[in-house]
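Student: Next up is a structure, given as structure tokens.
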Amino acid sequence: MNYAEEIKKLKKEKNAVILAHYYQVGEIQDIADYVGDSLGLSQQAAKTEADIIVFAGVHFMAETAKILNPTKKVLLPDLEAGCSLADSCPPADFSAFKKLHPDHIVISYINCSAEIKALSDIICTSSNAKKMVESVPPEQNIIFAPDKNLGRFLIKETGRDMLLWDGACIVHESFSIDKILELKKQFPEAHIIAHPESQEHILKVSEYVGSTTGLLNYVKNSKETTFIVATESGILHQMQKENPTKHLIAAPMDEDATCACNECPYMKMNTMEKLYLCLLNETPSIEIGEELRKKALVSIERMLSLS
Ligand code: 13P
Ligand code: SF4
């Protein structure tokens, strides 16, 4: 079956829109109506007039789309497509932690569950996190959750002393600094660019740190021709498309990394076949209780209004 053709037909017939993250496989990015980072995707989800949103990404992204636009049917090709970072912050534990620090407000990275969003005051993504932290008065104490690497990076960037939740992403925690530095010796002119979910020692040696959109813009606007890219390797599809003559090298992983390579196992659960089937059968869909949705919406809307 030509999935691309069938998906296009169904999309038109059902007035559906496909939103895809840069970490999706290339063929899914190519068929999407919009490809973007977490902020761009939530902005698109909030304003779409389509009847169905097919979210080619992971669960927290589709859930955010449903929170923002509850009258739409939101489909996720594989309901098991979760996120290790979101899983590293169980709501009951986080709620207990929050109670220990009643004078703190909570800024949470969008990579978290609706329950964590409901326990948060402001949501941020990697492209607006600095702005969100700086929007809080300097005397106000802050808890930052769930990503400790992004949190540590923000403390350095803003000079704000935040209390960090101890969460991380399995992909971004697995890059090998030794192998990256070996590559840098081999290609001394290369710029190392990294996503802020990466560990501190990777960020320290990077010429640029930014969200997936930030990384794409950096490569596009740079006069350099070689880049060592420390984020999920799906981004190389878009990056190479935009910069066909540039040399892009996926940052290597530690030998003992728990995941085999720099691919997110959750993002890669989505396939063209699953995308086709979910659009055909209009399942699996994201459902969320209205009380929780309304609570979670407050912190997301705060981010969108400040973005
Ligand atoms: P951004 O695309 O917003 O930079 O987020 C990366 C990510 O971890 C998605 O899971
Ligand atoms: Fe989550 Fe990391 Fe995968 Fe992004 S790359 S979805 S943070 S596990």
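Positions in the sequence shown are counted from 1; adding 17 to them yields our numbering. All C-beta atoms in this analysis are idealised placements derived from N, C-alpha and C, irrespective of residue type, glycine included.
1. Rounded to whole angstroms, what is the Cα-Cα separation between Ser-223 and Leu-27?
2. In the DSSP output, what is Met-256 paired with across the bridge?
3. In three-state DSSP terms, what is Gly-231?
4. Could you give the residue range of the alpha helix (DSSP H) that holds Gly-43?
5. Between Asn-128 and the ligand 13P, is there a pair consisting of the residue's CB and a ligand heavy atom that are separated by less than 7 Å?
6. Would you verify that the beta carbon of Ser-324 is, or is not, closer than 8 Å to some beta carbon of chain C?
7. For Cys-141, which residues does DSSP report across the bridge?
8. Whole angstroms are fine: how far does the CA of Cys-186 sit from the CA of Ala-313?
9. Kindly list the residues whose CB is nearer than 8 Å to the CB of Lys-90, restricted to its own chain and excluding five residues on each side of it in sequence; keep chain order.
10. Going by DSSP, which residues form a beta bridge with Ser-302?
11. At the level of alpha carbons, what is the spacing between Phe-204 and Glu-241?
12. When you compare the segment 134-146 with the segment 97-104, are there three or more beta-carbon pairs, one atom per stretch, that lie closer than 8 Å?
13. With burial defined as no fewer than 16 other Cβ atoms inside 10 Å of the residue's Cβ, what is the status of Leu-323: buried or exposed?
14. Nearest to Asn-86 by alpha carbon, out of Ala-62, Phe-77 and Cys-106?
Tutor: Walking through what the data contain:
1. Mapped onto the sequence shown, residue 223 falls at position 206. Mapped onto the sequence shown, residue 27 falls at position 10. Straight-line Cα distance between these residues: approximately 43 Å.
2. The sequence position of residue 256 within the sequence shown is 239, counting from 1. DSSP lists no partner for Met-256.
3. Here residue 231 is taken as the residue at index 214 of the sequence shown, counted from 1. The answer is helix: DSSP assigns Gly-231 an H, G or I state.
4. Numbered from its first residue, the sequence shown carries residue 43 at position 26. Note, Gly-43: alpha helix (DSSP H), 43-48.
5. Numbered from 1 along the sequence shown, position 111 holds the residue referred to as residue 128. Correct: Asn-128 has its Cβ closer than 7 Å to the ligand 13P.
6. Protein chains in the displayed structure number just one, and chain C is not present.
7. By one-based count along the sequence shown, residue 141 stands at place 124. For Cys-141, which the question treats as bridged, DSSP gives the partners Tyr-126.
8. Indexing the sequence shown from 1 puts residue 313 at position 296. Indexing the sequence shown from 1 puts residue 186 at position 169. Their backbone Cα atoms lie some 22 Å apart in a straight line.
9. Along the sequence shown, one-based indexing puts residue 90 at 73. If we look at Lys-90 and ignore the five residues flanking it on each side, its Cβ neighbours are Asp-68, Ile-69, Ile-70, Glu-299 and Ser-302.
10. In the sequence shown, the residue the question calls residue 302 occupies position 285. In the DSSP output, where bridge partners are listed per residue, Ser-302 has Leu-92.
11. One-based indexing of the sequence shown puts residue 204 at position 187. One-based indexing of the sequence shown puts residue 241 at position 224. Their Cα atoms are separated by approximately 12 Å.
12. no
13. Sequence index remark: in the sequence shown, residue 323 carries index 306 (1-based). It is exposed - the Cβ of Leu-323 has fewer than 16 other Cβ atoms within 10 Å.
14. As a first step, residue 86 must be located in the sequence shown, where it is residue number 69. Considering only alpha carbons, the answer is Ala-62.
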